[in-house]
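Notes follow the structure.
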Amino acid sequence: MLGHFSPGSMQRPATTNIFDQAGCITPRREPFNINKSDMNVDDNDVTKFTVADRLFKVVGNAKLPSKLKERALYTLGLLCCGERLPFAKQIVMGFLQMAKDSKEFEIHLQIGESLVLCVEGVNSNENRDLWTELPKEGAAKIKNTDALKENDELLEWLLQELFKIGRHPHPHSRQATSIWLLALLKNCADRAPIKNKLPILQDVFMDFLSENSDIVQDVASKGLSLVYQNSDESQKQALVGQIIEQLTSGKRSVAQVTEDTKIFEEGQLGKAPTGGNLSTYKELCSLASDLNQPDLLYKFMHLAHHNSMWNSKKGAAFGFHSIALQAGAQLSQHLSKIVPRLYRYRFDPTPRIQNSMQAIWHAIVPNTTATVHKYHKEILDDLVANLTSGQWRVRMSCCNALADLLRGAQSLHQSLHQLPTIWSQLFRVMDDVHEGTRQAATSTANVLSKLCIRAADANAGKDGKEVVSVILPVLLDTGITNLVKEVRSVSLQTVSKLVTAAGETLKPFLARLIPALAGAAGELESARLSYLATALADTSSRDLLDDMRASAARHHYTTDTVVKCMPYVDIEVMKEMLPKILELMKSPQLGTKVACCHFVVLAAHYLRTDLEPVAGKIMANLLTGTFDRNATVRKNYAEALGQVSAYAKVQSAEKLMKKLVMLYETKEDDMSRSAIALCLKSISKAKIEHIKDNEDVLAPMVFLAMHGPKDEDSSTVEMFEEIWTDISPARESGIKQHLTLIREEIEKCLNSSSWTKKIQAANAIKTVCKEVSSGLGAHREQLVRAVLAAVHGKTFDGKEHVVMALADLCAVKENEQPLSQALATEVINALLVESRKQDMTYKRHAITALGHAIQATHCDRFQQLYDIVKVILSKDELSVGKESDEEDNEGARQRREQLTALKEAAYELLGKAWPKEPDTQEKYQDVFFEHCSKSYPTSSRSTQLAILASVTRVLERLAILANAGEPMETDNPTNRDKAISTVTGHVILIVDYTLQNSNQVRHRRDALNIMEILVKQLKDLNKTEELDKLRTIYQSYAQDLSKDSSHEIRTKVENIKVHFK
7 MLGHFSPGSM QRPATTNIFD QAGCITPRRE PFNINKSDMN VDDNDVTKFT
57 VADRLFKVVG NAKLPSKLKE RALYTLGLLC CGERLPFAKQ IVMGFLQMAK
107 DSKEFEIHLQ IGESLVLCVE GVNSNENRDL WTELPKEGAA KIKNTDALKE
157 NDELLEWLLQ ELFKIGRHPH PHSRQATSIW LLALLKNCAD RAPIKNKLPI
207 LQDVFMDFLS ENSDIVQDVA SKGLSLVYQN SDESQKQALV GQIIEQLTSG
257 KRSVAQVTED TKIFEEGQLG KAPTGGNLST YKELCSLASD LNQPDLLYKF
307 MHLAHHNSMW NSKKGAAFGF HSIALQAGAQ LSQHLSKIVP RLYRYRFDPT
357 PRIQNSMQAI WHAIVPNTTA TVHKYHKEIL DDLVANLTSG QWRVRMSCCN
407 ALADLLRGAQ SLHQSLHQLP TIWSQLFRVM DDVHEGTRQA ATSTANVLSK
457 LCIRAADANA GKDGKEVVSV ILPVLLDTGI TNLVKEVRSV SLQTVSKLVT
507 AAGETLKPFL ARLIPALAGA AGELESARLS YLATALADTS SRDLLDDMRA
557 SAARHHYTTD TVVKCMPYVD IEVMKEMLPK ILELMKSPQL GTKVACCHFV
607 VLAAHYLRTD LEPVAGKIMA NLLTGTFDRN ATVRKNYAEA LGQVSAYAKV
657 QSAEKLMKKL VMLYETKEDD MSRSAIALCL KSISKAKIEH IKDNEDVLAP
707 MVFLAMHGPK DEDSSTVEMF EEIWTDISPA RESGIKQHLT LIREEIEKCL
757 NSSSWTKKIQ AANAIKTVCK EVSSGLGAHR EQLVRAVLAA VHGKTFDGKE
807 HVVMALADLC AVKENEQPLS QALATEVINA LLVESRKQDM TYKRHAITAL
857 GHAIQATHCD RFQQLYDIVK VILSKDELSV GKESDEEDNE GARQRREQLT
907 ALKEAAYELL GKAWPKEPDT QEKYQDVFFE HCSKSYPTSS RSTQLAILAS
957 VTRVLERLAI LANAGEPMET DNPTNRDKAI STVTGHVILI VDYTLQNSNQ
1007 VRHRRDALNI MEILVKQLKD LNKTEELDKL RTIYQSYAQD LSKDSSHEIR
1057 TKVENIKVHF K
């Protein structure tokens, strides 16, 4: 570019020779009248003034080509060389007025060349005989000292004017000024005005370095190079320092802004909503006003400042490159400051700035590797400090530069002290608002990860161990639990691969690593998933989701990494990390709890018997966790407890069993009992010997537990049943073996204030009575008295099980001693009391139990119980609810069902409790059969079945129908015949009604069964009259009944037919 500023260097065509010769015409006419206006000049009068005037008109004509204008401008400069023109200053002023008029670079170059000709005047090399004289430089070309003085004054004035124009913010003016000053500096460097103005020229060119124009920046850099060449040592030092300051800070002087000041290049911000440009200050203000957002203008100006600062740095790069090769000595003392910045600028995201900085780097750094090694610390400190800069391009360039720096052979070990800071800063930038910066940070983090893993290799020895100790804390504390997905991913991958690479050298850090990974398993779980599990109302759905969450935690990346660590875990490491693991078990996070349990299971498998010293402490904490509210957590803790118990001391296992029994006795809620069952099942699965060795402790509790209340989910009871099978595969032999302990446990439960325990004890008694075929022996009376004590008191839900247990205890096995008469009386009296309770449901069960007990003890308490049941039997089922117009509502329906069930139990009681004593029978037989025959037609079907069953039982034990050879205490034939006739009449009514109106198989079968019994008895007694009545009934229905679809009914008909023969 500087070649343009050498006068005479341009080759001009012959067509412009007339202009060239204008400067060489000898003064044959009188001097120009500079005050003479164009209006007074004759068009035919040719003077230098008119020539200059015409040339300026040519330059100002927009229709003419640029090449012609350039020749005209050059000719105007030549005019000042032929003689000492009085209007040379006017020509220069004409040039200066064109600063804003054109933005063409070539025009500005040509004006610069012409300005040089103007200020050199007659002393210019152009004012010579081209045929005989060679160009001269410096003092040798001075021909006229008087003209030199005038030209120095013109040059002084020109420089002042250019300094003024250069301060104007118009981009055309600044471009023109920079080019013209460069031309003057190159060609007039030895002139006094230039030498005196070198400091000012330096400041002006420094200001031009920050211009948003590559041309101006390039011109300014060349200008600075010339200033440097023509300066003394002190000025050179100041210039180098000033350029370095601008290069490193990007600061520039405050520029004046007018409405036409161009803030952005056209198209850089797009178009305004109206279609206009957005480049000048005025246009930006207009847009902010139209949008009613005044703050938008400040954002634009902030962006403009950002661009300006980086343009300043780019310009400084141009200038720096220009003098770098010349200022080696002066730059050496600044390299520690320059190299770190240049290293970072080489990775700037803007290609233009990047290329500029690369050029400077190669200019001042002969050996990149050696320089980076020498200034490694300074470069690293600069990159780390600027990783979180407020400017995205700085953050981005730091990330890219850091990745390049750390790839060096020994760079990572040199950066060891900074690695934690680098990791934490990269984590922050990976969450950057700028997408490109995020991607650069992620890429750098991946590079750093690979380098750290390679450096931590087990073969690296002490150095590898040191790398692990430095980076592991920040990865565990900040990385794997970070909210940013990319940060978590790179951290977990790094830790996982560190475990694989470091191997045995990782052992000293396991006590911190494994708890951190276990904690991260819960913290990394999706918050939405956790919220959903909490919000679900359906228990089964919530449990299913929790199981899925637990499965995900067991197979999480963190848990897989824990598995990789297990080969290096020994008992000493386990002891060191155990407090942290136990603390994490109290975490509210499901994932963390599951991960801890998984680790404990792994530890049990890897350490086995070595785990014994700490197994007791672990079991104590796991046992607490098994009572968590979450079912999934309970299962995981119980599973871990079982695995650890397999390698615990015998004393610890025994203590655990006693603790579980104690907890079962003190905690009655379903959740707690489910947890206890899970624990025992897990222990049994892991080591059955613990169950066998402690079966005396467990058997009574387990036997009671397997009789707990069963709801929709009976899994708890089923687990206790499986545990009992583990204790004793044969149920009867197991009960016999532990009968004393079981009986003591039952008595304890019956004496408890807990209704649930009373019910469990009652159910256990039922099982004992059923399973022990040889009888209970001496245990029976003890159990009876315990149940009698439990029966007394108010009614509670489930008390019916207690009264039924009392009835079961009354039934003795064959060859077993029955209850004593006194104890049987106590039982019957207690059941009579319970049968008088008002609760209809409970009353039904009490009456049923009373029937079983009387049947088993053969006590004659018919009068007392009849007083109880007659009130019940007197109620009409169909009338229940009518008195309050509630016949169709749910409450009335339920009361009718309760009354029906109660009446059925009452009839059953009458049948079972029918006495053997003839006197009692004589007193109640007519009443009983008359009531049955009258109530039968109006009773419900189920009640009718109960009546038929009761009548059957009574007929079988009716004294008056006994064998005639067996005399009665009050043997009166007349009364007996009358009684038989009466009973037979009532029975016939019942049988006839059933066979006539009912098509139910059970009803017909029971009616025919009654007929068969009565026929046999009457036949034995030779009661022909009553037999004839029955025969008549039989014959009425025999034909139809013999064709019944039920084989049982057809058989009954045939049997009765045989009896009638």
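Under my numbering, the first residue of the sequence shown carries the number 7, and numbering increases by one thereafter. Here a beta-carbon is modelled for each residue, glycine too, at the ideal position from N, C-alpha and C.
- For residue 90, no alpha helix (DSSP H) run applies, since DSSP gives it neither H nor E.
- Annotation: the continuous alpha helix (DSSP H) that includes residue 872 extends over 868-879.
- For residue 349, the uninterrupted alpha helix (DSSP H) run begins and ends at 341-351, by DSSP.
- The three-state reading of DSSP puts residue 802 in coil, since its state is none of H, G, I, E or B.
- Residue environment: residue 952 is assigned as buried (16 or more neighbouring CB atoms within 10 Å of its CB, all protein chains considered).
- With 16 or more other Cβ atoms from the protein chains shown falling within 10 Å of its own Cβ, residue 814 counts as buried.
- Listed in chain order, the non-local C-beta contacts of residue 584 below 8 angstroms within the same chain comprise 620, 623 and 624, local neighbours out to five positions each way being set aside.
- Taking each of 190, 178 and 233 in turn and checking the Cα distance to residue 204, the smallest one comes out for 233.
- Between the C-alpha atoms of residue 1006 and residue 1041 there is a straight-line separation of about 20 angstroms.
- For residue 923, there is no enclosing alpha helix (DSSP H), since its DSSP letter is neither H nor E.
- Annotated as distal: residue 819 and residue 860, with beta-carbon spacing of 8 angstroms or more.
- Proximity to residue 1054 across 1027, 1025 and 1013 peaks at 1013, based on C-alpha coordinates.
- Taking 8 angstroms as the cut-off, the beta carbon of residue 659 is found no closer than this to the beta carbon of residue 611.
- For residue 852, the secondary structure class from DSSP, reduced to helix, strand or coil, is helix.
- Rounded to the nearest whole angstrom, the CA to CA distance from residue 801 to residue 1032 is 49 angstroms.
- Straight-line measurement puts the Cα of residue 397 at about 28 angstroms from the Cα of residue 458.
- The straight-line gap separating the alpha-carbon atoms of residue 1015 and residue 956 is approximately 12 angstroms.
- In this structure, residue 875 lies near residue 916, with their beta-carbon atoms less than 8 angstroms apart.
- In the three-state DSSP reduction, residue 782 falls in the coil class, being neither helix nor strand.
- DSSP places residue 463 outside both helix and strand once states are collapsed to three, so it counts as coil.
- Excluding sequence positions up to five before and after residue 745, its CB lies within less than 7 angstroms of the CB of 785, all in the same chain and listed in chain order.
- Taking C-alpha positions only, residue 501 is separated from residue 526 by approximately 12 angstroms.
- Taking each of 979, 910 and 1022 in turn and checking the Cα distance to residue 946, the smallest one comes out for 910.
- Unbroken beta strand (DSSP E) runs of no fewer than 3 residues, entirely contained in the segment 156-196, are not found.
- Between the C-alpha atoms of residue 175 and residue 107 there is a straight-line separation of about 14 angstroms.
- In the displayed model, residue 429 falls within a helix according to three-state DSSP.
- By the CB criterion at 8 angstroms, residue 714 and residue 766 fall inside the cutoff.
- Only residues of its own chain outside the window of five on either side were considered, and among them 753 and 756 have a CB closer than 6 angstroms to the CB of residue 792, listed in chain order.
- In summary, residue 683 is buried, with 16 or more beta-carbon neighbours lying within 10 Å of its beta-carbon over all protein chains present.
- Straight-line measurement puts the Cα of residue 650 at about 9 angstroms from the Cα of residue 614.
- From the listed residues 1034, 1060 and 1036, the smallest Cα separation to residue 1045 is found for 1060.
- The three-state reading of DSSP puts residue 760 in coil, since its state is none of H, G, I, E or B.
- Cβ-Cβ distances below 7 angstroms link residue 1048 to 1056 and 1059 in the same chain, with the five nearest sequence neighbours on each side left out; the list follows chain order.
- For residue 865, the secondary structure class from DSSP, reduced to helix, strand or coil, is coil.
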